[in-house]
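Residue numbers (this note's numbering), protein chains in the order written: chain A, 31 to 351; chain B, 972 to 1466. Please read the structure below before turning to the comments.
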């Protein structure tokens, strides 16, 4: 397959996931705060921007020193076309990428992505945010899942499918890491009662509250939340599950001997055999930092190995293997 | 014919493809017209809906620009097909082959040969030198079988006597073949019984023919299994649909300039499994954007180093660079002489009589009769920048008078040709509309012409302009077999 098209598929997957995860996080933050003491509001939105690595972009968008208000942050994350990480931008980029690979994806998948883009364009997003954000987030989450489902049911398991899935799973792993990292690093006392709704929010952001309760019943032990979202082998939004899925795609793409496979295998194994109690004792924050870096390094290695073919690159590959 | 689709039909003194001057049906249209007469007018709407659905689902569109964002439109196909009898087609086919053969011979002689036609004064040297698309960069780059025009789309018209004449040669990047193939698919679904009543020569072999021809012109270095690709400017190009369509038909990659890289004078494409050597490039990018090293340095569409790779004999660029010299509308006037010179034959398809304006006598004649002339800039295509004298206001005529006097090499003039007309669906009945015909020829070891081609129709009443960007539509074009025995069921009903 042409490297450019593979890269576009990879990014179509990443952007769809980014839109969905952003919608989840904004949704949960918004609705959790309705039940929270007002002083927490600014704190929570500051955290949210940090999770998404958009603090700098947010401040820059207001001319350098922008106050953090729920309305402004929500608008910035949902509909600001100047924010490359907003939901609207992510969907638009996903569509642009999908458009360039129309020959490679099913027409049903193209239609689903296209439909989502035009659905958002047709809505009055400011009115949504002011009035009924729940409805907007529901549409985005549901449409992104429709896109996944349509891809799952209509695409042959060829290289196009694999690059799409690879991008999506790496993005998911990274977003879940970010979510855990920021939420945990800012809580001093994990077990304080005030922290309880934080765990609920974290699980909801990953669409994992119901599944978590089935497994752990009524308890809400932070280490169990971490174990679930990081290490669960069977929950599709856990980091481990995402990395294992990504690893299978790489295997089929013939990357078995490449640097991306080595990095990803190492990271996946370190999660697979990790004990959560040890992890919490050693310090979650440095571990998540490193994990996030490792996932980013895998994505870089994928780009080098599959997307950046050049005569110089080939010579380099020969020289180092 | 006072009821049904033909109830108001008149030929208005034009040459009509379906009816003779006395109003009688031409023999090769008899079966079609009988069938059409059976279809109640109200049923046509349903058939148009079927057609529209076919075109929409297949995404057959071209892009019309305006208001910033390009709008995708379908190229409207008229429901009434054009029929060409076998004997008539034989002449057209032979004429197109003859013309493309002579032009290929001339271009090969010009760029890699002795330039005999220039030495012998058949074409003036200065005319070639001053043609906008003459490319010195192409000197010394050979193409196997002299197939420099591997794909050509020769535009033909029929005059008031029904004589086929060449209007232009289109030797660079002729488009429209995708409509020919898609129109046929749609037609066999919309009018299946009418189609089955005729023995129509197929067109769907085009992809295979083109792929074979592309592979046949691969450089010797390519080996047994040459790799060919289609090179497109990208999704924003108005003909992108056709580029993707052709790549799909041939089962080869559709690449953009950035997918290709030249190293050590070898072209490769970047794939997920490394670099793959490319041997033949069917490029749908104009010469000047093809390689920023030798042409426009600001072009991001092309491939740096492509021309050096071609010169080194490592890749064949199709159509060859520099063909546009023969698309110059003043050069066109010399093609009949080139046919005589290179082939020793009389031209089978005549030109439209053309006045060359640097000649004092011809220019004076044109200036004296501007109101009845068509004036065209030599380097334009697509119907842009033309004067149609009989339809022009006085100030426009005066503007062209000045243009011609200032730059006689920049324009040619022709007498107005009354294009033939063809019954065309207008609302719930048929009216005559002007048509032309663009057959597609593929050169390689030999030259083949796809039976028929793109019939374009000026949908606006009285208009002579058939271009898609200017209100034109198209028709499926049926070339009949020599033995036109019906293979359909005469009692059948169109679905």
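In this text, a Cβ means the ideal position worked out from N, Cα and C, and glycines have one as well.
DSSP three-state assignment for residue i, whether helix, strand or coil
i, result
"residue 1461/B", "Note that residue 1461/B scores 49 on pLDDT, short of 50, meaning its location in the model is unreliable; the coordinates nonetheless yield the value given after this. Note: residue 1461/B maps to coil in three-state DSSP."
"residue 1426/B", "strand"
"residue 1203/B", "coil"
"residue 990/B", "strand"
"residue 336/A", "helix"
"residue 1082/B", "helix"
"residue 1385/B", "strand"
"residue 1198/B", "coil"
"residue 1183/B", "helix"
"residue 110/A", "coil"
"residue 206/A", "helix"
"residue 1286/B", "coil"
"residue 140/A", "helix"
"residue 1259/B", "helix"
"residue 981/B", "coil"
"residue 1322/B", "strand"
"residue 1039/B", "Any reading at residue 1039/B must be qualified, since the residue scores a pLDDT of 40, below 50, and its modelled position is unreliable; no value is offered."
"residue 1114/B", "coil"
"residue 1447/B", "strand"
"residue 1452/B", "coil"
"residue 1317/B", "coil"
Integer Cβ distance of residue i from residue j, believed to fall under 8 Å
i, j, result
"residue 999/B", "residue 1451/B", "6 Å"
"residue 1358/B", "residue 1367/B", "6 Å"
"residue 912/B", "residue 1285/B", "This structure does not reach residue 912/B, given that chain B is present from 972 up to 1466, and the question cannot be answered."
"residue 1435/B", "residue 980/B", "So it is not a contact: roughly 20 Å between Cβ atoms."
"residue 1288/B", "residue 1252/B", "5 Å"
"residue 49/A", "residue 121/A", "5 Å"
"residue 113/A", "residue 125/A", "No, residue 113/A and residue 125/A are not in contact; Cβ-Cβ is about 17 Å, not under 8 Å."
"residue 299/A", "residue 203/A", "In fact, because the Cβ distance is near 14 Å, the residues do not count as touching under 8 Å."
"residue 1275/B", "residue 1233/B", "7 Å"
"residue 985/B", "residue 1389/B", "6 Å"
Given residue i as reference, the closest of the options once Cα atoms are compared
i, options, result
"residue 1066/B", "1317/B, 1207/B and 1331/B", "1317/B"
"residue 1010/B", "1051/B, 1023/B and 986/B", "1051/B"
"residue 1352/B", "1103/B, 1089/B, 1248/B and 1098/B", "1103/B"
"residue 1180/B", "1431/B, 1417/B, 1211/B and 1084/B", "1417/B"
"residue 1003/B", "1162/B, 1444/B, 1385/B and 1077/B", "1162/B"
"residue 297/A", "163/A, 305/A, 77/A and 277/A", "277/A"
"residue 1099/B", "1081/B, 1116/B and 1111/B", "1081/B"
"residue 1152/B", "1335/B, 1419/B, 1313/B and 1026/B", "1026/B"
"residue 1376/B", "975/B, 1331/B and 987/B", "1331/B"
"residue 1078/B", "1061/B, 1121/B and 1056/B", "1121/B"
"residue 1072/B", "1312/B, 1338/B and 1058/B", "1312/B"
"residue 1244/B", "339/A, 330/A and 78/A", "339/A"
Continuous alpha helix (DSSP H) stretch holding residue i: start and end
i, result
"residue 311/A", "306-312"
"residue 1122/B", "Unbroken run through residue 1122/B is the beta strand (DSSP E), 1122-1124; no alpha helix (DSSP H)."
"residue 56/A", "33-63"
"residue 1313/B", "1306-1314"
Range covered by the beta strand (DSSP E) that runs through residue i
i, result
"residue 1400/B", "1400-1409"
"residue 1347/B", "1344-1348"
"residue 1139/B", "1135-1139"
"residue 1394/B", "1392-1397"
"residue 119/A", "No beta strand (DSSP E) holds residue 119/A; the alpha helix (DSSP H) holding it covers 117-130."
"residue 296/A", "Premise fails: residue 296/A lies in the alpha helix (DSSP H), 289-302, not in any beta strand (DSSP E)."
"residue 85/A", "Counting along the chain, residue 85/A falls outside any beta strand (DSSP E), though it belongs to the alpha helix (DSSP H) covering 85-91."
"residue 1051/B", "1048-1055"
Contacts of residue i in chain D (Cβ-Cβ under 8 Å)
i, result
"residue 34/A", "Considering every chain present, this structure includes no chain D. Its protein chains are A and B."
Residue i beta carbon near the ligand COA (any heavy atom closer than 7 Å)
i, result
"residue 1306/B", "Of ligands this structure carries none, so the ligand COA is not represented either."
Near-chain B residues of the stretch 122-136 of chain A - C-beta to any C-beta below 7 Å: Flagged, chain order: 129, 130 and 133.
Relative to chain B, which residues along the stretch 184-217 of chain A have a C-beta separation below 9 Å, given in chain order? Answer in chain order: 189 and 193.
Which residues, in chain order, does the stretch 322-344 of chain A contribute to contact with chain B at a C-beta distance below 7 Å? Residues of the stretch 322-344 of chain A whose Cβ lies closer than 7 Å to any Cβ of chain B, in chain order: 336, 339, 340, 341 and 344.
Residues in the stretch 1198-1232 of chain B with C-beta within 9 Å of chain A's C-beta atoms, listed in sequence order? Answer set for the stretch 1198-1232 of chain B: 1205, 1206, 1215, 1218, 1219, 1224, 1225, 1226, 1227, 1229, 1230 and 1232.
Residues of the stretch 272-286 of chain A with a CB closer than 8 Å to any CB of chain B: list them in chain order, please. For the stretch 272-286 of chain A, which is checked against every Cβ of chain B, the residues closer than 8 Å are 283 and 284.
Against chain A, which members of the stretch 1231-1262 of chain B pass a CB distance test of less than 7 Å? From the stretch 1231-1262 of chain B, only 1232, 1234, 1240, 1241, 1242, 1243, 1244, 1245 and 1246 have a Cβ closer than 7 Å to chain A.
With 9 Å as the C-beta to C-beta threshold (strictly closer), list the residues of the stretch 302-324 of chain A near chain B in chain order. Shown here is that no member of the stretch 302-324 of chain A has a Cβ falling below 9 Å from a Cβ of chain B.
Listed from N- to C-terminal order along the chain, which residues in the stretch 233-258 of chain A have their beta-carbon within a distance smaller than 7 Å of any beta-carbon of chain B? Shown here is that no member of the stretch 233-258 of chain A has a Cβ falling below 7 Å from a Cβ of chain B.
Please name the residues in the stretch 40-65 of chain A whose beta-carbon is closer than 8 Å to at least one beta-carbon of chain B, in chain order. Within the stretch 40-65 of chain A, no residue has a Cβ that lies closer than 8 Å to any Cβ of chain B.
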